[in-house]
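From first to last, the protein sequence lines are chains V and S. Be aware that the first sequence starts at 171, since it is given in our numbering, and climbs by one per residue. Be aware that the second sequence starts at 171, since it is given in our numbering, and climbs by one per residue. Here is the structure we will look at, set down as structure tokens.
There are 2 protein chains.
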Amino acid sequence: MADTRWLDEDEQRTWRTFLRAVHLLDSALDRQLRRDSGLPHAYYQALVALSEAPERALTMTELAGLLRSSPSRLSHAVARLEEDGLVRRFKRPGDRRTTIVSLTPEGMEVLREAAPGHVEEVRRVLFDTISREQADRLREISEAMLGALDPGGEAPGRPAS
Amino acid sequence: MADTRWLDEDEQRTWRTFLRAVHLLDSALDRQLRRDSGLPHAYYQALVALSEAPERALTMTELAGLLRSSPSRLSHAVARLEEDGLVRRFKRPGDRRTTIVSLTPEGMEVLREAAPGHVEEVRRVLFDTISREQADRLREISEAMLGALDPGGEAPGRPAS
DNA sequence: CCGGAATACTTGAGAGTTCAACTGTGTTCT
DNA sequence: AGAACACAGTTGAACTCTCAAGTATTCCGG
Chain V
171 MADTRWLDED EQRTWRTFLR AVHLLDSALD RQLRRDSGLP HAYYQALVAL
221 SEAPERALTM TELAGLLRSS PSRLSHAVAR LEEDGLVRRF KRPGDRRTTI
271 VSLTPEGMEV LREAAPGHVE EVRRVLFDTI SREQADRLRE ISEAMLGALD
321 PGGEAPGRPA S
Chain S
171 MADTRWLDED EQRTWRTFLR AVHLLDSALD RQLRRDSGLP HAYYQALVAL
221 SEAPERALTM TELAGLLRSS PSRLSHAVAR LEEDGLVRRF KRPGDRRTTI
271 VSLTPEGMEV LREAAPGHVE EVRRVLFDTI SREQADRLRE ISEAMLGALD
321 PGGEAPGRPA S
């Protein structure tokens, strides 16, 4: 660890502006989802991932992988979602280690009800405030970040937010 | 609330890529800071804000404003920082409502020790992975987001990260 | 085919965040 | 002056996330 390569003034401003934007964006989304559907954003994302999976079911490990979540975090989350009846958990036949999580009809319903408001919020805080071209740049930048942060990670999938 | 303006495929990919990048970036920073200094990122930011203030002191309200933090969150945070001896709290003479938080020498020292590693991490996850030009674009995009998220918010300050 | 490593989670404790309610102080209006 | 209101912060409970351990299976080398 030699001398620190401090941030120059431009980098400082960029960094702080970015941090603040991300912080506010995250809070806005989380608050909107909690208010309108009772789910934190992270839990909502879990339901989305399940809804797009074949059979609307995934193993804990698969789901954790998609969400970049620790096993522990996911375990707690799924426990809560199961209590609420939004997902169901059962063992995979033939492998008693593996737990399969599947989205229940109730979970799907909660998702259907939450989605429109969520998408509106995503537009409000992001896509309505930047141009199409800026969005393209943002994606490139995000992909570059993922290079360092998520080596070997596939690009996220396509379907419904 | 008329028909939902769903995200098109490009927007979906951008959104998900961005979300994932931000999530990983945040975790990386938080983990690095907790490991190396025992402070969560939010607490570190509070110390930074104080260190840059005149007299290294701010009122709770001022600090909450700079950090875009709720009064409650800040109150809990400052309570913890005070227990650790990194900040001190006292009432403003002449206004018994107002609490002033000031950075202690110990707090300043913790900051000094944490800063280099933190900056390295910021470089690693952001500035080393994108070009100078992308950084400029990122700042513009972040500023645009802040237009919707933080109406009437001044641009963040300049000094040390 | 047996013992050690790897896999797939789960659990519990400790922190941090949120939300709603509450306390104590200034301000304002009449 | 007095009532109503606004302001500045704090508190407690519920919840979520993290980290370290622990449990239960399955895989693998000798």
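For glycine and all other residues, C-beta sits at the position ideal for the given N, C-alpha and C.
- Considering only beta carbons, the part of the stretch 254 to 288 of chain S lying closer than 7 Å to chain V consists of Pro286, in chain order.
- Alanine 216 (chain V) is not bridged by DSSP to any residue.
- In the three-state DSSP reduction, alanine 314 (chain V) falls in the helix class (H, G or I).
- In the structure shown, leucine 228 (chain V) adopts extended strand secondary structure according to DSSP, grouped into three states.
- Three or more Cβ pairs closer than 8 Å define a contact, and the stretch 188 to 204 of chain S falls short of that threshold against the stretch 217 to 235 of chain S.
- In the three-state DSSP reduction, serine 272 (chain S) falls in the strand class (E or B).
- For aspartate 265 (chain V), DSSP records a beta bridge to V:Arg262.
- Taking the CA atoms as reference points, arginine 262 (chain V) sits about 36 Å from valine 292 (chain V).
- Listed along chain V, no residue sits closer than 8 Å to glutamate 324 (chain S) by beta-carbon distance, the nearest being about 10 Å off.
- If you draw a straight line from the Cα of arginine 175 (chain V) to the Cα of alanine 325 (chain S), it comes to about 24 Å.
- Between the stretch 287 to 305 of chain V and the stretch 179 to 187 of chain S, the count of C-beta pairs closer than 8 Å reaches three or more; the two stretches touch.
- With respect to the C-alpha of leucine 319 (chain V), the residue from S:Val271, S:Met315, S:Arg201, S:Val218 having the closest C-alpha is S:Arg201.
- Around the beta carbon of glycine 323 (chain V), fewer than 16 other beta carbons lie within 10 angstroms, which makes this residue exposed.
- Residues of chain S whose Cβ lies closer than 9 Å to the Cβ of glutamine 304 (chain V) are, in chain order, Arg307, Glu310, Ile311, Ala314.
- At least 8 Å separates the beta-carbon of valine 257 (chain V) from that of methionine 230 (chain V).
- Not flagged as an interface residue toward chain S: leucine 203 (chain V), since no C-beta distance is shorter than 8 Å.
- Taking CB atoms only, glycine 235 (chain V) has no neighbour in chain S less than 8 Å away.
- Looking at the DSSP output, valine 257 (chain V) bridges to V:Leu273.
- By a beta-carbon distance limit of 8 Å, glutamate 283 (chain S) does not contact glycine 255 (chain S). Their separation comes to about 14 Å.
- Distance between glutamate 179 (chain S) and glutamate 279 (chain V), taken at the CA atoms: about 23 Å.
- With contacts defined as CB atoms closer than 8 Å, glutamate 253 (chain V) and arginine 259 (chain V) fail to qualify as a contacting pair.
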